[in-house]
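Numbering (our numbering), first residue to last: 752 to 824.
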């Protein structure tokens, strides 16, 4: 499952746990999109860096699923 566009401030749920992560930064590295995330409510913990995947339906972060349903306008 993915979203049409990954944006700063989105919440993603780590698969297999109840942990919620907040997207804090996005940047492009070569031909990849890199997502920097931190655990929600844990400002003191280290940030994690994940390479986003592109698919025909949009974007996905491996090992995570959107915590909120995407709104279609």
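By construction, the Cβ of each residue, glycine as well, lies at the ideal position given by its N, Cα and C atoms.
Measure from the alpha carbon of residue i to the alpha carbon of each residue in the options, then state which is nearest.
| i | options | result |
| --- | --- | --- |
| residue 779 | 814, 754, 800 | 800 |
| residue 792 | 786, 773, 806 | 773 |
| residue 784 | 769, 790, 802 | 802 |
| residue 769 | 798, 782, 790 | 790 |
| residue 798 | 806, 786, 807 | 786 |
Quick test of your reading: residue i and residue j, contact by CB under 8 Å. State the CB separation rounded to the nearest angstrom.
| i | j | result |
| --- | --- | --- |
| residue 817 | residue 804 | In fact, because the Cβ distance is near 14 Å, the residues do not count as touching under 8 Å. |
| residue 755 | residue 809 | 4 Å |
Going by beta-carbon coordinates alone, are residue i and residue j separated by less than 8 Å?
| i | j | result |
| --- | --- | --- |
| residue 757 | residue 776 | no |
| residue 782 | residue 819 | no |
So what does residue i bridge to, in DSSP terms?
| i | result |
| --- | --- |
| residue 764 | 771, 816 |
| residue 809 | 806 |
| residue 785 | 778, 802 |
| residue 790 | 772 |
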